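Residue numbers (the numbering used here): 9 to 167.
Read through the structure below, which is laid out as structure tokens, and then see the notes.
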């Protein structure tokens, strides 16, 4: 003999469905609130990675250069696209402007005079398409990063 199904089919009540939807909505709203922070952290991480790659290229080129070919002023500029590839100042793909300052004096702590084959290089990096970006603290948009590097050579290429 077959048994007949119960008169009311099993399911969720309206109260249970409402509570489940409320909990899901609360979770979605929480995740949406965290989304801008996550995007900002992602953007900063990408910028830091790009700065690291650009800085590595610049420092490698400085370290491989002979002492006599290193600049002495602070007007040395290089330009990079959004992938860290070097471009010319006339390019429309400029994303990062780098300025190298070789003019700062360097001395060892035990010596008072400037060292002959030791040079401090300050590399300023700014994320901007403006090839003439001003790297000054008094600039309206003071948004660039500075990195310091010491260059040491044992002797000059020319005697």
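No residue lacks a Cβ here, since even glycine has one placed at the ideal position from N, Cα and C.
All of these numbers come straight from a predicted model, not from anything done at the bench.
Residue i to residue j span [Cα, whole Å]
| i | j | result |
| --- | --- | --- |
| residue 48 | residue 145 | 24 Å |
| residue 87 | residue 114 | 27 Å |
| residue 152 | residue 36 | 36 Å |
| residue 127 | residue 64 | 17 Å |
| residue 101 | residue 85 | 16 Å |
| residue 44 | residue 50 | 10 Å |
| residue 99 | residue 162 | 38 Å |
| residue 89 | residue 46 | 24 Å |
| residue 157 | residue 91 | 23 Å |
| residue 19 | residue 53 | 48 Å |
| residue 27 | residue 10 | 37 Å |
| residue 25 | residue 41 | 24 Å |
| residue 34 | residue 58 | 37 Å |
| residue 141 | residue 82 | 14 Å |
| residue 93 | residue 76 | 26 Å |
| residue 22 | residue 32 | 15 Å |
| residue 112 | residue 38 | 50 Å |
| residue 29 | residue 60 | 46 Å |
CB contact flag (residue i, residue j, <8 Å)
| i | j | result |
| --- | --- | --- |
| residue 139 | residue 97 | yes |
| residue 106 | residue 131 | yes |
| residue 116 | residue 62 | no |
| residue 55 | residue 136 | no |
| residue 159 | residue 69 | no |
| residue 108 | residue 95 | no |
Cβ distance (whole Å) where residue i is taken to contact residue j below 8 Å
| i | j | result |
| --- | --- | --- |
| residue 78 | residue 125 | At roughly 10 Å, the Cβ-Cβ gap does not stay under 8 Å, so residue 78 and residue 125 are not in contact. |
Practice task
Please list the segments of the beta strand (DSSP E) lying wholly inside the region 96-139, counting only runs of 3 or more residues, in order along the chain.
Solution key: Within the region 96-139, the complete beta strand (DSSP E) runs of at least 3 residues are 104-109 and 126-135.
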